[in-house]
Amino acid sequence: MSRRVALLAVSLCLLPGLSACGGGEEGAVKGAVNQLYAGFAERDAEKTCAALTKARQQAVAGKAASCRQAMGIAMGLVGNSLKDAKEAKVTKVDLNGDKARATVEFKGKSSDIGLAKENGDWKVADLNLAKL
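Written as structure tokens, this is what we have:
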């Protein structure tokens, strides 16, 4: 395979939402969940909020100016306690049209996270932060 073809193939696999390179819809759901947990691990409020639906972002924001502001404050309070969040593993994905449920195992606990398609991308719509 020529270098140009290889670069094109890699570039296409990196495009968000492209299902041909990583498990289709199930892979995209796992990717959304992984983005959420990576955001927690990196204490990156912007990345964490970007993994959430608009409705969930508004719920997280509460009376704060934005999801990013509220999440930043919360991450500051918990310090490094979520640094291992990137170790979370999606063990099961149930798809139902534009909705999905992912089972995640982290630190010996299992929890379900609800996702929804928003503008063609999977986003976390329902999660229990107390279970992290």
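In this note's numbering, the protein residues as written are 83 to 214. Virtual Cβ for every residue (Gly too), placed ideally from N, Cα, C. Model, not experiment: these values are computed from the prediction.
{"Item": "Quick check on the burial criterion: 16 or more other C-beta atoms within 10 angstroms. Buried or exposed for Ile195?", "Value": "buried"}
{"Item": "Does the segment 153-165 come within contact of the segment 174-188, defined as at least 3 CB pairs closer than 8 Å?", "Value": "no"}
{"Item": "Pull up the distance between the alpha-carbon of Ser148 and that of Ala207, whole angstroms please.", "Value": "17 Å"}
{"Item": "Are Ala114 and Trp204 closer than 9 Å when you measure CB to CB?", "Value": "yes"}
{"Item": "Can you give the Cα-Cα distance for Glu107 and Leu177, rounded to whole angstroms?", "Value": "8 Å"}
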